[in-house]
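Residue numbers (this note's numbering), protein chains in the order written: chain A, 1 to 195; chain B, 196 to 390; chain C, 391 to 649.
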C-alpha cells in the first residue's frame with residue numbers, strides 16, 4: 001500500500017494546506033518519510049509537466065492547478081450555474097427583485113413559509129447578495145448584475161409589470177403592502193380573524 | 196504548452212464531471228486529441244499507482260481519490276464515510292431513478308407508505324431535485340448528476356433493468372394464490388357483508 | 391396598512407391546536423397549508439386530528455355546535471380528498487370499486503410486484519453506494535483569480551415572466567376551503583338536535599325515520615346529535631343485531647339513562 005498514493009489522495013482532498021505531521025499521523029508513517037514523499041511528489045509534478053503544483057506554504061502543503069491552465073480554467077469554469085429554479089426559489093427571487101432591498105423575515109412573511117434554503121441557494125448562485133441591515137438588524141438582500149444578465153434584463157426597470165400577473169388588480173395599494181397583506185392572510189396570527 | 200498539463204489542471208479544478216467536448220473547447224484542442232489525453236491520464240494514474248483515479252461518470256470525466264486512501268482520508272478530514280441510505284431513502288431513490296420524473300404521491304403509492312422525510316433527505320443530499328409539476332400540480336422529482344457520480348454510474352442507462360429484481364414466477368404465483376384465497380375468505384357469500 | 395379582504399366566516403377552529411407528526415399549529419392553518427400544497431395531505435394522519443378534536447371537546451367540557459358541524463364537514467372533505475389522492479387515477483375510482491375479488495387481487499398483486507421490484511433496486515443502489523464510498527471527490531472553492539465573474543459573457547437563460555408570475559401568485563389571497571365536491575351541506579348539529587328532540591316526543595322512534603333519504607354527512611351529523619343527547623341523558627338506543635334496526639327511546643329522567 002503505497003505512501004505516495006495515500007499522500008497524493010489526501011492532498012487532493014484537502015482544500016487547505018495540511019502539515020506533514022498531520023499527513024504522517026493520518027497515514028501512520030514516519031514524519032521524515034512523509035517529508036521525503038512530499039518532496040518527491042513536488043519534484044515529480046514539476047519534472048513531468050503535470051497540471052498540478054505542490055507547494056509548501058506557511059500552514060503546510062497544498063496542491064493547486066498549474067498557472068499555465070488558468071486561461072482554459074476561466075473559459076471552462078467561470079460560467080454561472082443555471083439549473084432550473086424551483087418554485088420556492090422563483091418566489092424568493094421575485095420578492096427580492098421587485099422589493100429590494102428586502103429582509104428575510106419580510107420574505108418569509110410574504111411567502112407564508114420560511115425562505116432559508118431558497119435564499120441560501122440564490123446567494124450561492126450569485127443572483128442575490130447582501131445589502132446591509134434593516135433598522136431592526138435583519139440582513140437585507142438585493143439582486144446582482146448576474147441576475148440581470150441571466151434574465152436578459154438591461155436594468156430593473158425592465159422587470160415585467162406585475163399587474164399583468166395580478167389576480168386582484170382592483171386593490172390600489174403599494175405592491176409591498178399588498179404582498180405583505182396577502183402573506184398575512186395566508187398565515188393567520190393571533191389577533192386577526194382567520195380567512 | 197502541454198495539453199496533458201492543462202487537462203489535468205482542469206479536472207483538478209472541476210467540482211463536477213466535465214465532458215471531453217467542454218475540455219476541448221476550453222483548451223482549444225481537437226476532441227479526439229482530448230479523448231486520447233484523458234485515456235492516457237486514466238491509464239497513467241492506474242499504472243503508476245497514483246492517489247488519483249480518473250473515471251467517466253455522470254456523462255463526463257471526473258477525478259477522485261483512490262479508495263485505498265479512504266481510511267487515511269477519514270482520519271485526516273474527520274469526515275465520516277458517506278452515510279449509507281436508510282431503507283426508505285434507498286427505495287424512494289430507486290423509484291425516482293427508474294420512473295423519473297415522478298411525484299411524491301406516486302412514490303407513496305408504490306411504497307405503500309409516505310415518502311415525506313426520505314424525499315426531504317434525498318433533496319438535501321443533492322441526489323434528487325425538483326423537476327416541475329405534474330398535471331395535478333404535485334411536485335415532480337428526478338435524479339441529479341451527483342447521484343450518478345456518487346453511485347459510480349456513467350448514465351441512467353447503467354442501471355440494470357428493473358425486471359431483474361422481480362420475484363421469480365413461482366413466488367409471484369404463490370403471492371397471487373394467497374391474495375385470491377384472502378379475497379375469498381373475506382367474501383364467503385353475498386348476504387352477510389362484514390364491515 | 392393596505393385594504394384587507396377578510397371574509398366573514400363561521401369558522402372558529404383556530405382554537406383547535408394540533409400537534410401532529412408533520413404539523414403543529416391551529417387546524418385552519420393546516421387546512422390553508424394543505425390547500426397551498428405546502429403540506430402533502432398524504433402525510434397527514436387524519437385520525438390524529440379527530441383524536442385531538444375529541445381531546446379538545448373533552449377539555450372544553452361543552453359542545454360548540456357550530457364548531458362541531460364545521461369540523462365534521464371539513465374532516466369529511468379532507469378524508470374524501472385524501473382517499474382520491476391515494477387511488478391511482480381519479481377516473482378509475484368507480485372501476486376500482488367495482489372490481490370483483492379476482493380482479494382486485496390482480497390489482498393488488500401488481501402493486502406488490504412493483505413494491506418488490508423497487509425494493510430490489512433499492513438494495514442494488516445501496517450496494518453501489520457502499521462500493522463507491524471509497525472514491526472521494528474534491529470539494530473546494532475555485533481560486534479567486536479563476537472565479538472572477540464574467541457577467542458580460544453570460545447568456546440569458548431565464549424568462550423574466552417567471553418572476554412576474556411568481557409575484558402574481560403571491561398576491562393571491564388564500565381560497566376558502568373547497569367543499570364544493572361534497573353535496574351542499576346545510577345540516578348542522580343544532581338542527582339535528584332539534585330534529586331528534588322532536589321525534590323523541592313520541593317516546594321512541596326508528597333511526598331510519600330520522601334520516602329519510604339523507605346523505606352520509608347528514609347521517610353522520612345525526613349520529614353525532616344522538617351521541618350528544620345520550621351523553622346528556624336524554625335518550626338511549628337499542629340494536630339487536632349488527633346492521634339491524636336501531637330503536638331510539640326517550641329517557642324519562644336523567645338517571646334512567648344509566649339504569
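Even glycine gets a Cβ: it sits at the ideal position worked out from N, Cα and C. Quick caveat: nothing in here was measured; it's all calculated off a predicted structure.
Next on the checklist: Quick test of the definition: if touching needs 3 or more C-beta pairs under 8 Å, does the region 288–299 of chain B touch the region 549–562 of chain C?
Outcome noted: no
Checklist entry - For residue 47(A), which residues in chain C fall below 8 Å Cβ to Cβ? => result Near residue 47(A) there are no residues of chain C at all, since even the closest Cβ is about 24 Å away, more than 8 Å.
Checklist entry - CB-CB under 6 Å to residue 6(A), same chain, minus the five flanking residues each way: which ones, in chain order? => result 27
Item to check | Which residues DSSP lists as bridging residue 596(C), in chain order | outcome: 637(C)
Next on the checklist: Using a Cβ-Cβ distance cut-off of 8 Å, determine whether residue 136(A) contacts chain C.
Outcome noted: no
Item to check | DSSP-derived helix/strand/coil call for residue 166(A) | outcome: coil
Item to check | For residue 139(A), three-class secondary structure by DSSP | outcome: strand
Next on the checklist: Under 8 Å, Cβ to Cβ, is there at least one residue of chain B near residue 115(A)?
Outcome noted: no
Item to check | Nearest candidate by alpha-carbon position, reference residue 256(B), set 264(B), 358(B), 247(B), 360(B) | outcome: 247(B)
Checklist entry - Using 8 Å as the limit for Cβ to Cβ distance, is residue 180(A) near chain B? => result no
Item to check | the region 496–511 of chain C touching the region 309–319 of chain B, judged by at least three CB pairs closer than 8 Å | outcome: no
Item to check | Beta carbon of residue 360(B) nearer than 8 Å to that of residue 511(C) | outcome: yes
Item to check | Nonlocal neighbours in the same chain, by C-beta distance under 6 Å from residue 293(B), ignoring five residues either side | outcome: 357
Checklist entry - Along chain C, in chain order, which residues have C-beta atoms closer than 8 Å to that of residue 203(B)? => result The contacting residues do not exist; residue 203(B) stays about 13 Å from chain C at best.
Item to check | Short Cβ contact (8 Å threshold) for residue 13(A) with residue 29(A) | outcome: no
Item to check | residue 86(A): contacting residues in chain B (beta-carbon distance under 7 Å) | outcome: 325
Checklist entry - CB residue 341(B) to CB residue 348(B), shorter than 8 Å? => result no
Checklist entry - Hey, is residue 19(A)'s beta-carbon within less than 8 Å of any beta-carbon in chain B? => result no
Next on the checklist: Taking DSSP's pairing of strands, which residues face residue 407(C) in a bridge?
Outcome noted: 416(C)
Next on the checklist: List, in chain order, every chain A residue whose beta-carbon is nearer than 7 Å to that of residue 260(B).
Outcome noted: 9, 12, 13
Checklist entry - Do you know offhand how far residue 57(A)'s Cα is from residue 16(A)'s? => result 10 Å
Checklist entry - Hey, is residue 316(B)'s beta-carbon within less than 8 Å of any beta-carbon in chain A? => result no
Next on the checklist: Cβ closer than 7 Å: which chain C residues qualify as neighbours of residue 150(A)?
Outcome noted: 544, 546, 547, 548
Checklist entry - Alpha carbon to alpha carbon, how far is residue 624(C) from residue 641(C)? => result 5 Å
Next on the checklist: Beta-carbon within less than 7 Å of residue 608(C)'s beta-carbon, same chain only, minus the 5 sequence neighbours each way: which residues are those?
Outcome noted: 577, 601
Checklist entry - Which runs of the beta strand (DSSP E), 3 residues or longer, sit entirely within the region 2–72 of chain A? => result 52–57, 60–65
Checklist entry - How big is the Cα-Cα spacing for residue 188(A) and residue 419(C)? => result Low confidence applies to residue 188(A): its pLDDT is 49, below 50, so where it sits in the model is not reliable enough to give any reading.
Next on the checklist: Please list the terminal residues of the continuous alpha helix (DSSP H) segment that includes residue 584(C).
Outcome noted: 579–590
Checklist entry - Mind pulling the chain B residues with CB within less than 9 Å of residue 92(A)? => result The premise fails here: residue 92(A) is roughly 14 Å from chain B at the closest Cβ pair, so nothing lies under 9 Å.
Item to check | Cross-chain neighbours of residue 430(C) in chain B, by beta carbon under 7 Å | outcome: 299, 311
Item to check | Against chain B: residues of the region 601–618 of chain C by CB proximity under 8 Å | outcome: none
Checklist entry - residue 594(C) and residue 562(C): beta carbons closer than 8 Å? => result no
Checklist entry - Which two residues bound the contiguous beta strand (DSSP E) that contains residue 622(C)? => result No beta strand (DSSP E) contains residue 622(C), which is instead part of the alpha helix (DSSP H) from 606–622.
Next on the checklist: Against chain C, which members of the region 26–38 of chain A pass a CB distance test of less than 7 Å?
Outcome noted: none
Checklist entry - On the premise that residue 11(A) lies in contact with residue 76(A), defined as a C-beta separation below 8 Å, what is that separation, rounded to the nearest angstrom? => result Not really, about 22 Å apart at Cβ, beyond 8 Å.
Item to check | Neighbour-count burial assignment, residue 599(C), 16 or more Cβ in a 10 Å radius | outcome: exposed
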